[in-house]
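Notes follow once the structure below has been shown.
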Amino acid sequence: MPTASSTATSGRLLSLLSLLQVRRDWSGSLLADRLGVSERTVRRDVDRLRELGYPVQAVKGPEGGYRLEAGSRMPPLLFDEEQAVALAVALRIAVGTGAGIEEAAARALATVRQVMPARLRQRVDLLEITAAGRATQVDTDVLLALSSAIRAAEEVRFGYESPSRPADPGPPRRVQPHHLVARSGRWYLVGWDAGREDWRTYRADRMTLRTPNGPRFAPREVPGGDVGAFLAARFKGSTTADVWPCRGEVVLGLPIAEVAPFAGDGVVEEVAPGRTRLVGGSWSWAALAAGLARFDAEIEVAGPPELRAAFAVLAARAGRASATGKR
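For the numbering used here, count along the sequence shown from 1 and bump the result up by 32.
See the structure below:
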């Protein structure tokens, strides 16, 4: 049966291992201070970690110290309670990423859960994560190859296929890869196309990588410096800021309670009982007009003129559509 002393030692080993993992070098005196023990106890605990297979190296210097290096084999993994819960949550999320690791993540989660204390198992089991929609599957080797090319700053060569453009039999595309981003269940490569002198975004599941990679390049920064904002802007049809290129204002003949749940990222304001102002945006004026027309109510266009013109075009098309097939 474990004694109070052995339990305290095990807990201290976990704390020591956590500290060694968060920074490269630790002095013996600083570790002793953080753990509330003597430097002699730190030395004994380091020896215990080495016996378990953790490659803790001594660091030379005025004070001396310790460093956790990469080893030649996988030692037993030790986690404190918060780390164990965080790992379980991450594994549950990984099951729905579409990165081709779903089965492995599910098996790893089952392994971690099996060795958890009952109280931690209950915490993890209370967490229910459901992925909305189905993630697009990507070959794990493709993601690893793209990540490797990004780290090495090497140009990638690939064929690309899309529903509107089947596999191109011509020469492969050549792109400088800068970021691999997961968004809405899909993986995207953001890179600089030197031939077009512009940034491009590619779905990883549509790429067929060619080997070897191209030459090395000097990494550059995406416009604005934030790849998340850059990608969001591109999906909105904007080449600059993360804003819709077409924005307009209307007044709908509906109460605000019936407009707000369907306004998306638009701004709503009640102007009178049963009348709501909506300011919204889209990638084109026609798309904005069509989106606003989905509200089953009278619409007054406050501006700009481009939105009013788009409604006129849609009205004419609707009129022609209603006459189609009539005899």
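Yeah, the Cβ is synthetic: ideal placement off N, Cα and C, and Gly gets one too.
All figures in this text were calculated on a predicted structure; none of them were measured in a lab.
Leaving aside the five residues before and after residue i along the sequence, list all residues of the same chain whose C-beta is less than 7 Å from its C-beta, in chain order.
i: phenylalanine 249; result: Ala185, Glu187, Gln208
i: alanine 120; result: Leu141, Val144, Arg145, Val156
i: valine 303; result: Val283, Arg309
i: aspartate 57; result: Val91, Gly97, Arg99
i: glutamate 332; result: Val282, Val283
i: isoleucine 288; result: Val300, Glu302, Thr308
DSSP state of residue i, grouped into three classes?
i: proline 336; result: coil
i: glycine 217; result: coil
i: serine 70; result: coil
i: arginine 206; result: strand
i: glutamate 113; result: helix
i: arginine 56; result: coil
i: serine 104; result: With a pLDDT of 43 at serine 104, under the threshold of 50, the modelled position of this residue cannot be trusted; read the value that follows with caution. It is coil, neither helix nor strand.
i: arginine 183; result: helix
i: leucine 241; result: strand
i: alanine 120; result: helix
i: valine 144; result: helix
i: alanine 90; result: strand
i: leucine 84; result: coil
Does residue i pass the burial test, meaning 16 or more other C-beta atoms within 10 Å, or should it be called exposed?
i: serine 179; result: exposed
i: serine 314; result: buried
i: glycine 60; result: buried
i: phenylalanine 368; result: Within the shown structure, residues of the chain are numbered from 33 to 359, placing residue 368 beyond reach of any answer.
i: aspartate 173; result: exposed
i: alanine 226; result: exposed
i: phenylalanine 294; result: exposed
i: alanine 353; result: exposed
i: aspartate 230; result: exposed
i: arginine 66; result: exposed
i: aspartate 77; result: buried
i: alanine 116; result: buried
i: phenylalanine 43; result: In the sequence on display, residue 43 carries glycine and not phenylalanine. Counting Cβ neighbours within 10 Å, glycine 43 comes out exposed, since fewer than 16 surround it.
Whose C-beta lies closer than 6 Å to the C-beta of residue i among residues of the same chain, with five residues either side of it excluded?
i: alanine 329; result: Leu284, Gly285, Leu286
i: threonine 233; result: Tyr220, Val222, Arg266
i: glutamate 338; result: Trp317
i: proline 204; result: Arg189, Phe190, Gly191, Arg242
Spatial neighbours of residue i within its chain, please: CB distance less than 8 Å, with the 5 preceding and 5 following residues excluded, ordered by chain position.
i: aspartate 210; result: Here residue 210 turns out to be histidine, not aspartate, going by the sequence shown. The answer, listed in chain order, is Ile182, Val222, Gly223, Trp224, Pro251, Arg252, Val254, Val259.
i: alanine 322; result: Leu346
So, is the C-beta of residue i closer than 8 Å to a C-beta in chain B?
i: valine 259; result: No chain B appears in this structure, which consists of one protein chain only.
- Message: Which complete alpha helix (DSSP H) runs does the region 278-350 hold, if anything under 4 residues is left out?
- Response: 288-291, 317-325
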